[in-house]
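**Student:** Would you mind keeping the following structure in view while I ask a few things?
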Amino acid sequence: MRRAVCPGSFDPITNGHLDIIARASKLYDVVHVAVMINQSKKGLFTVEERIELIREVTADFGNVEVESFHGLLVDFCKQRDIPAIVKGLRAVSDFDYELQMAQMNNGLTGVETLFVPTNPTYSFLSSSLVKEVAPRGGDVSHQVPPTGQPPLTPRQARK
Ligand code: ADP
228 MRRAVCPGSF
238 DPITNGHLDI
248 IARASKLYDV
258 VHVAVMINQS
268 KKGLFTVEER
278 IELIREVTAD
288 FGNVEVESFH
298 GLLVDFCKQR
308 DIPAIVKGLR
318 AVSDFDYELQ
328 MAQMNNGLTG
338 VETLFVPTNP
348 TYSFLSSSLV
358 KEVAPRGGDV
368 SHQVPPTGQP
378 PLTPRQARK
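Each position in the sequence shown, counted from 1, maps to that position plus 227 in the working numbering.
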């Protein structure tokens, strides 16, 4: 069974993320979406909310498993026998850091990283941008996948 992982913060999942997950799900038997837990960075959505959102919008793919993880991604991969990390590349500016991380991960355990060029529609799309625009009343409906009712309320908005 060929497995791959798409890691990230997904705070929240955007159409750019979803496009990469969808493409990975066509190439692999099982795609694990690993939601990174960063104790020092409080997100807009809780990790549970992010997982719930991702499960909802990837349910139709039929081969996507969503989990959280902390610590090293290579350990997540080792524990689940995942030989490949799939990452989207938006621009050349993504490349420097992604290359270093891919080389480091490969050096640690031999896990491979595969880069998928982003769909040009999503080249300038990031969760950070969505978080800047949405709370100020900007329409982000074309940037994030539609979810069912009732919509999740981000933790920040509930306060
Ligand atoms: P962001 O950079 O949006 O804050 P993440 O850390 O959650 O988000 O991103 C995880 C991974 O998802 C990135 O390393 C990248 O591989 C992929 N990704 C994010 N946004 C896009 C996009 N617009 N197009 C393609 N891939 C993307």
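No residue lacks a Cβ here, since even glycine has one placed at the ideal position from N, Cα and C.
#1: Only counting runs of 4 or more residues, tell me where the alpha helix (DSSP H) segments fall wholly within the segment 255–288, in order along the chain.
#2: Between the C-alpha atoms of N346 and P362, what's the straight-line distance to the nearest angstrom?
#3: What number of angstroms, rounded off, separates the C-alpha of P234 from the C-alpha of A311?
#4: Measure from the alpha carbon of Q330 to the alpha carbon of each residue in F342, V319, S320, then state which is nearest.
#5: Taking 8 Å as the limit between beta carbons, can you name the residues of its chain near L218, skipping five residues before and five after?
#6: With the cut-off set at 8 Å, would you say V260 and R230 are in Cβ contact?
#7: Does the beta-carbon of I240 have 16 or more other beta-carbons within 10 angstroms, so that it is buried, or is it exposed?
#8: For a quick check, are the C-beta atoms of T374 and E276 less than 8 Å apart?
**Tutor:** Quick look at the numbers:
#1: With a minimum length of 4 residues, the continuous alpha helix (DSSP H) runs that stay inside the segment 255–288 are 274–285.
#2: For N346 and P362, the gap between their C-alpha atoms comes out near 26 Å.
#3: Using only the alpha carbons, I get a separation of about 11 Å.
#4: It is F342 whose Cα lies nearest to the Cα of Q330.
#5: With the chain represented from 228 up to 386, any question about residue 218 goes unanswered, as that position is not in the structure.
#6: Result no, Cβ atoms of V260 and R230 do not sit closer than 8 Å.
#7: Burial call: buried.
#8: No, Cβ-Cβ distance for T374 and E276 is not below 8 Å.
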